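Remarks on the structure that follows.
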Amino acid sequence: MSRNIPSNLLELPIELVYRVMDCLDKFTIVFSMRNVCMRLNAIIDTYNRYQ
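Take 1 as the starting number for the sequence shown in the UniProt record's numbering and just add one per residue.
Printed below as a string of C-alpha cells:
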C-alpha cells in the first residue's frame, strides 16, 4: 500500500504552510518567502497574521 506524501513545501495544504509561517518572523516571511513562486505569494497574501 503506497501513500502519496507531499515531498516539498509547495505540495502541503495551505493550513500547514500557515503553521510553518506562524513560526517565522515578519522579516523572514516577507523577504525570504515572497516572490519565490506564485503559490507562495498567494498564500502570503491570504495569511491572516498580516492582514
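Using N, Cα and C, we set each Cβ at its ideal position, and we do this for glycine too.
Because the structure is a prediction, the values reported are computed rather than measured.
Under the three-state reduction of DSSP, which class applies to Asn41: helix, strand or coil?
helix
Is the CB of Leu10 under 8 Å away from at least one CB in chain D?
Chain labels in this structure do not include chain D; a single protein chain is all it has.
I'd like to know whether the C-beta atoms of Leu9 and Val17 end up nearer to each other than 8 Å.
yes
Classification of Met21 by the beta-carbon crowding that lies within 10 angstroms, buried from 16 upward:
buried
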